[in-house]
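> In the numbering used here, the protein residues as written are 15 to 78.
Think of the CB as a built atom: it goes at the ideal place given N, C-alpha and C, for glycine as much as any other residue.
The model shown is predicted, which means the values in this text are computed figures rather than measured ones.
What follows is a single structure, and I will ask about it in a moment.
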């Protein structure tokens with residue numbers, strides 16, 4: 015089992031977004047991380063969807 019924390023941010027000028035995910039095991043040991051900078055992503059709702067996908071991609075990469 016692992017726990018994945020995700021976070022996202024949109025720049026003040028609204029032209030760039032960044033998403034990140036961190037995975038830890040049941041004991042809190044670091045398993046891996048993933049991040050992306052996405053120019054042209056301008057709204058919070060799109061960024062929220064992208065960060066969820068980033069978290070799922072991280073888990074997929076770690077488990078398979």
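1) Figure out for me which residue from 74, 75, 54, 67 has the closest Cα to the Cα of residue 21.
2) Go ahead and label residue 33 buried or exposed: buried means 16 or more other beta carbons lie within 10 angstroms of its beta carbon, across all protein chains shown.
3) Which stretch, first to last residue, makes up the alpha helix (DSSP H) that contains residue 71?
4) What do you reckon, are the CB atoms on residue 69 and residue 18 nearer than 8 angstroms?
According to the structure shown:
1) 67
2) Buried.
3) 58-77
4) yes
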